[in-house]
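Below is one structure, written out as structure tokens; the observations come after it.
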Amino acid sequence: MLGAISAASLTLGLGSAPAPFTAQCGNGDPSKALALSSSNSNSNNRTQLLIKSSFASTSRTIPSFRIAVAAVDSDQLSTDKQQAEKYYFVVANAKFMLDEEEHFKELLFERFRNYGERNKEQDFWLVIEPKFLEKFPDITKRLRRPAVALVSTNGPWITFMKLRLDRVLSYSYEADSIEEALASNPTTLDFEKPENWVAPYPKYEFGWWEPFLPTGVKESKL
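Sequential numbering from 42 applies to the sequence shown in this note's numbering.
Dropping the structure here:
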């Protein structure tokens, strides 16, 4: 009979109680011992199945969660790349900016030379009759036309130029592309030459500003 109990206990599978302990609990009755072992084994197996199922469910959801986070991050980066660029400017009438302000030319050429020595990409331009002024009616009503704007993506430098030039108006705007930011309306510049030039330095030559115009844009005298 003990042989039968041991055989029964060995065939119940993993998680069943040891044979001696099962025999004692059965009070010498093989059928009761077998029934008790089977009950304990089935209970343990169900418990193990529940635990394995729980772990399996958790292991399947973790990768899905990580993929979702990665997708959100990727979309956010894509949105950031599409954000509009901010541009800063000072603006005044063309005669003041290009024909009267004695230091303006030197300031621009010095910065242009400095950028060349440092292999730095140009981030400032002169825009004659800029289209973006249509967004600023409070500024345009104070301007004599044609107008010229010094535009840059460097805000602190534009602030410096405003203080340096003094008689200019300043603000900022956003554009989706550099072509949109630097777009201009067609116009012709024509500055009268003074009859008597008394300054100790030579008069600015007409067209000195052309290196600072956006690519492909040139203005000429009538």
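In this text, a Cβ means the ideal position worked out from N, Cα and C, and glycines have one as well. Since we're looking at a predicted model, the values are computed, not measured.
- For K182, the three-state secondary structure derived from DSSP is coil.
- Annotation for A190: the continuous beta strand (DSSP E) segment containing it runs 188-193.
- From the listed residues R159, E141, A190, the smallest Cα separation to F165 is found for A190.
- P235 carries a coil assignment under DSSP once its states are collapsed to helix, strand and coil.
- Non-local C-beta neighbours of M138 in its own chain, meaning closer than 7 Å and more than five positions away in sequence, comprise F145, V189, ordered along the chain.
- Contact annotation: A133 and I169 have beta-carbon atoms that are not nearer than 8 Å.
- Excluding five sequence positions before and after E215, the CB atoms of its chain that fall closer than 6 Å to its own CB belong to A125, K127, given in chain order.
- Inter-segment contact for the region 212-227 and the region 169-186 is present: three or more beta-carbon pairs are separated by less than 8 Å.
- S225 is the residue among E233, S225, I199 whose C-alpha sits nearest the C-alpha of K172.
- Residue environment analysis places D140 among the buried positions, since at least 16 neighbouring C-beta atoms fall within 10 angstroms of its C-beta.
- About 7 Å separates the Cβ atoms of P252 and F153, confirming a contact at the 8 Å cut-off.
- Between the alpha carbons of P187 and E246 lies a gap of roughly 19 Å.
- The C-beta distance from L223 to I180 rounds to 17 Å, too long to fall under 8 Å, and the pair is not in contact.
- As the crow flies, the alpha-carbon of P243 is around 26 Å from that of Y156.
- Rounded to whole angstroms, W238 and T194 show a C-alpha spacing of 36 Å.
- In the same chain as V192, and ignoring 5 residues on each side of it, the C-beta atoms closer than 6 Å to its own belong to Y128, F130, W166, V168, in chain order.
- Sequence-distant partners of K203 (beyond 5 residues in either direction) whose C-beta falls short of 8 Å from its own C-beta, in its chain, are V131, V209, S211.
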